[in-house]
Ligand code: UT7
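Numbering (our numbering), first residue to last: 33 to 357.
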């Protein structure tokens, strides 16, 4: 029996501390690092980002976003029987951020685990939840993307520290009588692991290697524009649809130029792309559910529309979820 799954609620949370490009440039100038609002806007489309205060972890942001998604779905934490958190900035090495979220939202007993696919993490998490619901392992999943990338940035490296922000987004995915999720498509290619990584680890009680983000921006850019078109087309083909059927493209929010290029390749006008990178920066696994929630709550996305969610990031990982909202 084929089971359908649909998103019944969305939620998101941004930490209150907001830094415009000018605010960040002023902070960096004190350290002798030169950047400008003009450079950041022109190369990335980013105008502002949110940073979590000290002591606030991914699980705190995730719990807030998760509670808002539960409320939107009209259910409580006790109704959830699966929790998946996509994050590359977990509170601890272990236990998983998902178990901390489970506790913080007042749930207990159901399976809870993290997925780690960097900026593709939410797409991975949603696909795994979908597969588990279809397999009969769960009926109602809470899937969250949450990050505090500000903790892994090198604020002496202007080529990366201006790009990222903190936040969380969540969805409730439930078994349903009608679709729902129409197709999923996931990929990884570890040959490209070095172009975007945090090459540090814990060993013998110390952090070994470099625990801050390293990125070859141009290499990532080139790979991203190719795979984002490819995975969107694969998901469309799996569902027997074409580009014209997409009402909203909700891509990972890394750079407006990557989104413009993807939209062009898919022959979609930019008006059909949900853009939050200007206000959030790149929030990695949180960016797609944050954008989804924003466009649901401001009324752009309505029930019955066809949404293409797609992500790309470290690993190298990429993938998409095509769904009827
Ligand atoms: O989330 C995972 C996916 N991540 C991405 O998709 C990121 C993909 N990559 C990108 O978005 C872009 O490659 C960047 C935004 C990271 C960089 O843009 P770019 O157009 O590729 O710039 P660039 O690296 O070629 O740098 C151009 C110039 C350099 O100066 P020179 O060598 O031409 O004199 C940089 O030193 O811009 C300089 N630069 C800056 N100047 C002011 C680099 N960062 C900054 C900065 N402020 N923050």
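Quick reminder that beta carbons are idealized off the backbone N, C-alpha and C, glycines included. None of these values were measured; they are calculated from a predicted model.
Name, in chain order, the residues that DSSP records as bridge partners for residue 37. 207
Residues bridged to residue 201 by DSSP? 44, 177
Note down, in chain order, each residue of its chain lying with its Cβ closer than 7 Å to the Cβ of residue 95, except the 5 sequence neighbours on either side. Listed in chain order, the non-local C-beta contacts of residue 95 below 7 Å within the same chain comprise 133, 136, 137, local neighbours out to five positions each way being set aside.
Cβ shell of residue 90 (< 8 Å), same chain only, five flanking positions each side left out: The beta carbon of residue 90 sits closer than 8 Å to the beta carbons of 117, 119, 121, 122, 123, 129, 178, 179, 180, 200 from its chain, once the five residues preceding and following it are set aside; these are given in chain order.
Secondary structure at residue 284, three-state DSSP: helix, strand or coil? coil
Under DSSP, the alpha helix (DSSP H) around residue 157 begins and ends at which residues? Going by DSSP, residue 157 is part of the alpha helix (DSSP H) stretching over 153-166.
Any idea if residue 303 is buried or exposed, counting beta-carbon neighbours within 10 angstroms, 16 or more meaning buried? It counts as exposed.
To the nearest angstrom, how far is it from the Cα of residue 259 to the Cα of residue 343? 9 Å
Can you tell me whether residue 340 is helix, strand or coil according to DSSP? strand
Can you give the Cα-Cα distance for residue 398 and residue 236, rounded to whole angstroms? In the structure displayed, the chain extends from 33 to 357; residue 398 sits before or after that span and is not available.
Using 10 angstroms around the beta-carbon of residue 391, count the other beta-carbons present and answer buried if the total reaches 16, otherwise exposed. In this structure the chain extends from 33 to 357, so residue 391 is not present and cannot be described.
Cβ contact check for the segment 69-76 and the segment 337-356: 3 or more pairs under 8 Å: no
Which one or two residues does DSSP pair with residue 350 in a beta bridge? 219, 344
Inspect the beta-carbon positions of residue 65 and residue 188 and report whether they are closer than 8 Å. yes
When 186, 309, 104, 103 are compared against residue 60, the one with the closest alpha-carbon: Comparing Cα-Cα distances from residue 60 to each of 186, 309, 104, 103, the minimum goes to 186.
Contact check, residue 42 vs residue 202, beta carbons under 8 Å: yes
Do the CB positions of residue 163 and residue 156 come within less than 8 Å of each other? no
So does the segment 96-111 actually touch the segment 289-301, counting three or more Cβ pairs closer than 8 Å? no
Using the C-alpha atoms, what's the distance from residue 287 back to residue 230? 20 Å
Tell me which same chain residues have a C-beta within less than 6 Å of the C-beta of residue 227, skipping the five on either side of it? 248, 251, 252
Can you grab the Cα-Cα spacing for the pair residue 312 / residue 171, in whole Å? 32 Å
Per-residue DSSP class, three states only, for residue 238: Note: residue 238 maps to strand in three-state DSSP.
Report whether the distance from the Cβ of residue 228 to the nearest heavy atom of the ligand UT7 is below 7 Å. yes
Is the closest heavy atom of the ligand UT7 to the C-beta of residue 253 under 7 Å? yes
Environment of residue 204 [buried if 16+ CB atoms lie within 10 Å]: buried
Where does residue 126 land, buried or exposed, given buried means 16+ other C-beta within 10 angstroms? exposed
Between 131, 106, 183, which lies nearest to residue 88 when the distance is taken from Cα to Cα? Selected option, being the one with the closest Cα: 183.
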